[in-house]
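To start, the structure under review is shown below, and the notes come after it.
Protein chains in written order, with the working numbering: chain A, 155 to 757; chain B, 117 to 369.
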């Protein structure tokens, strides 16, 4: 480490500002992501100097802090505006969801191009992956707070409020109102557990019988993969380790999914109860809730529920007077990375690193958080577990199908009359779901989000369960009026943006797929490009390191198989068309010269 | 299957690669067992003695019909593994092309030409060109260090230098930052410059780069083109890596 004094003397001016922010944040929570969040909030960026200061304060390598800052979407090395506006780009809650380009509209009114910070530093504007507001139409985050149900009139008012530098707390409170929109309640949503009832039932059963009840219930992971929850807990319980951990995956990043938002908002007690049940069954003393950064606005509420549960003796030392049963839960908030929904990437992020999926085996149940046995489950899974210990495995098994016991909470969005939360017994048909949500002229449904499956109307009698159509809960409806190719292009952009970059097939492949699709959608694709897509999707799907890469090509694969016409009708009838687009290449020059007349284009 | 293994104890500690039975020891990966038996599985991010990484994906094999990285997958008795098949080599060629087009690889003007494992891999797999449109990414060159050069244009993100520094040199000079296609090699020092790091010419991390991203200065073109490693050897010669590393680390011998 030579030349330290050099670097210090260059920037000594701001060190005095940065150090207290770091010290204060660190005292509140020593987690790297939380310290970086505080810096981003207060300094509007994380400078090289701040990176060095954080590394020194947390005793981490500078490179690790640097790597983390550059990995997560909500950290920036270049200053953002005092109003940092991020539009969702999801097909359901994105800036195009209402048919008007709301981001372009705001950009015009504020005199700013998407992706930039305005010269005066007042405002920056950009797009971000789905923020989980899909039942509310177009949505954005302003300084991390969601504003939903956007329309052109609101955009004009937002522009005015920003220009007037009105404090966020003085913006119309109704804009920030996020409703639960529960349309159909089933097994879990019908009634919330009274805090502590599940834990009392569990203590009466004892750890071994609690575990048996979960195994016998047939509960399978609600994140979509569907591994037996009871078996997972048992593997973790049996694994040797200095400590065991319980982690709740609340990094609900799959576009079109928002059920965890509702569960965290209105069923947090049941969730924490379920985590405590798991802790009791596997012998853990510490749990973590990994909350996606987009849901940071729920943090005060979640913290208050934890405080209340500690006061009630439902968390902490000797829970409900049971000697030796001590368990507490900490919340770690992410910072914009879909990959952290993958359980081993989530654990890496919990450890203050980039969210890179680990090599498996070993699995988290034996080598998880800090290398110790760890259960990672979905929010919905823990809630189901809390209900099962109280009501019994037979109660749970009575609903659903033989292989898929219980219910599934769906997040339904897109082209339907009543988007929202629907809870059904497993085995329900897509047709039934579409009828209930008022989707009259659906041409296709994306089951399980972009990483799931795109099906057409011929398959609407298929059933939602682990044997037929497994799903983490996202269900996006596309009417006859939708341009399906635009949807598939949107998903391809999403995966290219969210690929962690670890393995070659996904890192490069998702970009090649995105570029290829853009070419076809732009009317420059040939049969050759379509054949290339086919070849690439196979490679990306079968040769990628983790679930992200292995599913990233699904929308294209399903599209080519079920809706080949949406690709073919855009093709040009030539043998070859270059990727290089002469007219598009002139765009920079047009921007610089403020020209957009016919003579500034080549066609 | 289990009845078979009981009858024939020899198969208990063997895997089968392309029909060839190969013994393995507990704890070995498929790659370990294959290399020990002299069977080549293409790889770029793997080096014996360093923690397996599984990122380049050149070592993809099929076990039954499931894809796996040979360098990270533990060998399990009775595994039926496909390795040297036209389909797998085609996938590997495409992956190699991906590595070429995401970076800026100008072989004729690169000092590593002829000693470059990526280039040798391309020849091995019959790659005639990058196939895909070039990404032309802007990547930073770091010439700050007096004796070591870092040209990120050629970096393939294999993290061999990251691991060598951490696990062999006992330092922590390199890391990967950024996400997706923006992932890039960073240097662990106050200004992120190589000169501020504690990297030394004698470190393994200074020599392990399979491409020309990390080069020792003032030793360019000491070995003429035509007499370089892969002018004389095939990349598929098992054990060659040790020869390369020894040779480069002691250029005077």
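Each residue gets a CB set at the ideal place from its N, CA and C atoms; glycine is no exception.
Checklist entry - Would the segment 255-264 of chain B and the segment 207-216 of chain B be scored as touching if the rule is three or more Cβ pairs under 8 angstroms? => result Verdict: no, contact absent.
Next on the checklist: Just to confirm, is the Cβ distance from residue 563/A to residue 347/A under 9 angstroms?
Outcome noted: Between residue 563/A and residue 347/A, the C-beta gap is not smaller than 9 angstroms, which leaves the two residues out of contact.
Checklist entry - With a Cβ-Cβ cutoff of 9 angstroms, do residue 285/B and residue 331/B count as a contact? => result For the pair residue 285/B and residue 331/B, the CB atoms are not nearer than the 9 angstroms cut-off.
Item to check | Three or more C-beta pairs below 8 angstroms linking the segment 460-470 of chain A and the segment 545-553 of chain A | outcome: No, because fewer than three Cβ pairs between the segment 460-470 of chain A and the segment 545-553 of chain A fall closer than 8 angstroms, the two stretches do not touch.
Checklist entry - Name the DSSP beta bridge partners of residue 145/B, please? => result Checking the DSSP bridge columns, you'll see residue 145/B partnered with 190/B.
Item to check | Residues of the segment 262-287 of chain A with Cβ closer than 9 angstroms to any Cβ of chain B, in chain order | outcome: The residues in question: there are none.
Item to check | C-beta neighbour in chain B for residue 440/A, strict 9 angstroms | outcome: Residue-level contact check: residue 440/A does not touch chain B, since none of the beta carbons of chain B fall below 9 angstroms from its beta carbon.
Checklist entry - Hey, is the segment 314-325 of chain B in contact with the segment 281-295 of chain B, meaning 3+ C-beta pairs nearer than 8 angstroms? => result As far as the Cβ criterion goes, the segment 314-325 of chain B touches the segment 281-295 of chain B, which means the pair count is three or higher.
Checklist entry - Which residues in the same chain as residue 653/A place their Cβ atom closer than 6 angstroms to its Cβ, once the five residues preceding and following it in sequence are excluded? => result Once the five neighbours on either side are set aside, the close Cβ partners of residue 653/A are 660, 661, 664.
Item to check | Cross-chain neighbours of residue 340/B in chain A, by beta carbon under 8 angstroms | outcome: Correct list: empty, because the minimum Cβ distance to chain A is about 32 angstroms.
Next on the checklist: According to DSSP, is residue 172/A part of a helix, a strand, or is it coil?
Outcome noted: Helix at residue 172/A.
Next on the checklist: I'd like the list of long-range same chain contacts for residue 689/A, defined as Cβ closer than 8 angstroms, with 5 residues on each side in sequence excluded.
Outcome noted: Nothing listed; no residue qualifies.
Checklist entry - Do residue 530/A and residue 522/A have their CB atoms nearer than 9 angstroms? => result Going by C-beta atoms, residue 530/A is nearer than 9 angstroms to residue 522/A.
Item to check | Coarse secondary structure for residue 125/B, derived from DSSP in three states | outcome: Because the pLDDT at residue 125/B is just 45, under 50, the model does not fix this residue reliably, and the point stays unresolved.
Checklist entry - Taking all protein chains shown into account, do 16 or more other C-beta atoms lie within 10 angstroms of the C-beta of residue 225/B, making it buried, or fewer, making it exposed? => result With fewer than 16 Cβ atoms within 10 Å of its Cβ, residue 225/B is classed as exposed.
Checklist entry - Which residues, in chain order, does the segment 206-221 of chain A contribute to contact with chain C at a C-beta distance below 7 angstroms? => result The chain labelled as chain C is not found among the protein chains of the depicted structure, namely A and B.
Next on the checklist: Nearest by alpha-carbon distance to residue 67/B: which of 335/B, 237/B, 308/B, 203/B is it?
Outcome noted: Since the first residue of chain B shown is 117 and the last is 369, residue 67/B is not available in this structure.
Next on the checklist: In the DSSP assignment, the beta strand (DSSP E) including residue 530/A goes from what residue to what residue?
Outcome noted: Element bounds for residue 530/A: 528-532.
Item to check | Under the three-state DSSP convention, the category residue 359/A falls into | outcome: DSSP, reduced to helix, strand and coil, places residue 359/A within a helical segment of the structure shown.
Checklist entry - Can you give the Cα-Cα distance for residue 390/A and residue 684/A, rounded to whole angstroms? => result Straight-line measurement puts the Cα of residue 684/A at about 46 angstroms from the Cα of residue 390/A.
Next on the checklist: Is the beta carbon of residue 716/A closer than 9 angstroms to that of residue 608/A?
Outcome noted: Yes, these two residues count as a Cβ contact at 9 angstroms.
Checklist entry - Any Cβ of chain B within less than 9 angstroms of the Cβ of residue 604/A? => result At a cut-off of 9 angstroms between C-beta atoms, residue 604/A does not count as an interface residue with respect to chain B.
Checklist entry - Can you find a C-beta in chain A that's less than 9 angstroms from the C-beta of residue 165/B? => result No, no contact with chain A.
Checklist entry - Within the 9 angstroms Cβ cut-off, does residue 279/B reach chain A? => result Taking Cβ atoms only, chain A never reaches closer than 9 angstroms to residue 279/B, which makes this a no.
Checklist entry - What number of angstroms, rounded off, separates the C-alpha of residue 319/A from the C-alpha of residue 307/B? => result So the two alpha carbons sit approximately 36 angstroms from each other.
Next on the checklist: For residue 738/A, tell me which candidate among 676/A, 537/A, 381/A has the shortest Cα-Cα distance.
Outcome noted: The shortest C-alpha separation from residue 738/A is found at 676/A.
Checklist entry - What distance in whole Å lies between the Cβ atoms of residue 724/A and residue 674/A, which are believed to be in contact at a cut-off of 8 angstroms? => result Taking 8 angstroms as the upper bound for CB-CB distance, residue 674/A and residue 724/A are in contact here, some 5 angstroms apart.
Item to check | Burial state of residue 728/A, where buried means 16 or more other Cβ atoms lie within 10 Å | outcome: Around the CB of residue 728/A, fewer than 16 other CB atoms lie within 10 Å, so the residue is classed as exposed.
Checklist entry - Relative to chain A, which residues along the segment 193-220 of chain B have a C-beta separation below 8 angstroms, given in chain order? => result For the segment 193-220 of chain B, the residues whose beta carbon sits under 8 angstroms from a beta carbon of chain A are, in order, 207, 210, 211, 214, 215, 217, 218.
Next on the checklist: Just checking: is the beta-carbon of residue 155/A within a distance shorter than 9 angstroms of some beta-carbon in chain B?
Outcome noted: Its pLDDT being 36, under 50, residue 155/A is placed unreliably by the model, and the measurement read from it follows with that caveat. Interface residue, yes.
Next on the checklist: According to DSSP, is residue 368/B part of a helix, a strand, or is it coil?
Outcome noted: Residue placement at residue 368/B cannot be trusted, given a pLDDT of 42 that sits under 50; what the coordinates show is reported in the next sentence. Coil at residue 368/B, not helix or strand.
Next on the checklist: For a quick check, are the C-beta atoms of residue 518/A and residue 340/A less than 9 angstroms apart?
Outcome noted: Not closer than 9 angstroms, so no.
Checklist entry - In whole angstroms, what is the alpha-carbon distance linking residue 560/A and residue 422/A? => result The alpha-carbon atoms of residue 560/A and residue 422/A are separated by roughly 20 angstroms.
Checklist entry - So which residues of chain A does residue 172/B contact, with C-beta pairs closer than 7 angstroms? => result For residue 172/B, the chain A residues whose Cβ falls inside 7 angstroms of its Cβ are 658, in order along the chain.
Next on the checklist: Using 8 angstroms for Cβ pairs, my map puts residue 187/A next to residue 488/A. What's the rounded Cβ distance?
Outcome noted: Right, their Cβ atoms sit about 7 angstroms apart.
Next on the checklist: Would residue 409/A and residue 648/A qualify as a contact pair, given that the criterion is a beta-carbon distance under 9 angstroms?
Outcome noted: For the pair residue 409/A and residue 648/A, the CB atoms are nearer than the 9 angstroms cut-off.
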